[in-house]
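Using this note's numbering, you'd call the opening residue of the sequence shown number 1 and step up by one each time.
One structure is given below, encoded as structure tokens.
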Amino acid sequence: LIVSTSSSEAALPRLIAKMEHLGISKPVVGVTVPTGYSFNLDGTAIYLTMASLFIANALGQPLALGEQIGLLVFMIIASKGAAGVSGAGLATLAAGLQAHAPQLVGGVGFIVGIDRFMSEARALTNFTGNAVATVMIGSWTKEMDRVQVDRVLDKLEPFDERTMLTHGHVSAAETQRSTEQAAQSQILDRV
């Protein structure tokens with residue numbers, strides 16, 4: 001889903017459901033995941049910095065170490081305001097270069113052709129970063145059910161898509177029971 005839309009926003013509901021299923025409390029997930037989608041854009045920050053350095057080198061204007069560090073800090077801050085839509089990273093890159101290093105803006109054209117692929121990588125990195133941040137915050141705040149985490153990671157309690165409709169945890173036994181009830185109901189309907 002993330003690769004096809006080139007945006008991590010499309011997977012927001014599923015990430016919330018899976019983090020809750022993993023055993024992280026709803027309040028932690030409810031604050032951490034949406035906040036991460038606005039302020040934890042790791043992939044975008046990496047992309048903005050690396051693309052800027054690539055453009056500088058491609059234009060024959062390599063940046064000194066101090067300029068690179070300044071650019072890194074600037075692009076990390078700029079990534080916090082990037083929209084979560086496909087292609088927003090390219091627009092943020094152009095705007096960031098215009099503000100920080102105007103002589104490099106003309107080089108944005110060098111990466112337009114590969115931006116779709118880079119956008120997919122950004123989205124996957126942003127999504128992964130938000131999932132990891134949610135698990136870490138759940139662990140730090142002791143709002144994570146470690147027994148549930150072990151059950152999920154040991155594949156004893158797989159994620160059930162129906163939990164996205166009920167916002168609750170459905171155990172494997174409950175899933176089996178509901179499947180059997182649905183099958184019995186279909187048999188009775190035929191009779």
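We put the CB at the ideal spot given by N, CA and C, even for glycine.
On a predicted model such as this, the values are computed, not experimentally measured, just so you know.
Check your understanding: Closest Cβ-Cβ distance between GLY113 and chain B: below 7 Å?
Key -> Absent from the structure: chain B. Only one protein chain is present.
Point to revise | Residue interval of the alpha helix (DSSP H) (run including ASP42) | key: Locating residue 42 in the sequence shown gives position 42, counting from the first residue. Per DSSP, the continuous alpha helix (DSSP H) segment holding ASP42 begins and ends at 42-58.
Practice item. Between the Cα of ALA78 and those of ALA99, LEU65, ALA64, spot the shortest distance and give me the residue it belongs to. Key: Here residue 78 corresponds to residue number 78 of the sequence shown, with the count starting at 1. Checking every option, the nearest Cα to that of ALA78 belongs to ALA99.
Point to revise | C-beta contact flag for ILE2 and PHE127 at 7 Å | key: Taking the first residue of the sequence shown as 1, we reach residue 2 at position 2. Taking the first residue of the sequence shown as 1, we reach residue 127 at position 127. Taking 7 Å as the Cβ cut-off, ILE2 and PHE127 qualify as a contacting pair.
Review point. So who's on the other strand from ILE24, going by DSSP bridges?
Key: Translated into the one-based positions of the sequence shown, residue 24 becomes position 24. Looking at the DSSP assignment, ILE24 forms a beta bridge with MET144.
Review point. Which residues in the same chain as ALA45 place their Cβ atom closer than 7 Å to its Cβ, once the five residues preceding and following it in sequence are excluded?
Key: As a first step, residue 45 must be located in the sequence shown, where it is residue number 45. If you ignore the 5 residues before and after ALA45, its C-beta comes within less than 7 Å of the C-beta of MET75, ILE76, SER79, all in its own chain and listed in chain order.
Check your understanding: Can you tell which of GLY107, MET136, GLY129 has the C-alpha that lies nearest to the C-alpha of PHE39?
Key -> Taking the first residue of the sequence shown as position 1, residue 39 is located at position 39. Nearest of GLY107, MET136, GLY129 to PHE39, Cα basis: GLY129.
Exercise for review: Measuring alpha carbon to alpha carbon, tell me which of SER52, PRO34, SER8 ends up nearest VAL112.
Suggested key: What you label residue 112 is simply residue 112 of the sequence shown in a count that begins at 1. For the set SER52, PRO34, SER8, the Cα lying nearest the Cα of VAL112 is the one of SER52.
**Study point:** With 16 other Cβ atoms within 10 Å as the buried cut-off, status of LEU104
**Key:** To locate residue 104, count along the sequence shown from 1; it is residue 104. LEU104 counts as buried, since at least 16 other C-beta atoms from the protein chains shown sit within 10 angstroms of its C-beta.
**Study point:** Helix, strand or coil at GLN61 [DSSP, three-state]
**Key:** Counting from 1 along the sequence shown, the entry for residue 61 is found at position 61. GLN61: coil per DSSP, three-state reduction.
Review point. Is the Cβ-Cβ distance between ASP115 and GLY23 less than 7 Å?
Key: Taking the first residue of the sequence shown as 1, we reach residue 115 at position 115. Taking the first residue of the sequence shown as 1, we reach residue 23 at position 23. Contact flag unset, no.
Point to revise | LYS213 (DSSP reduced to helix, strand or coil) | key: Since the displayed the chain opens at 1 and closes at 191, residue 213 lies outside it and no answer follows.
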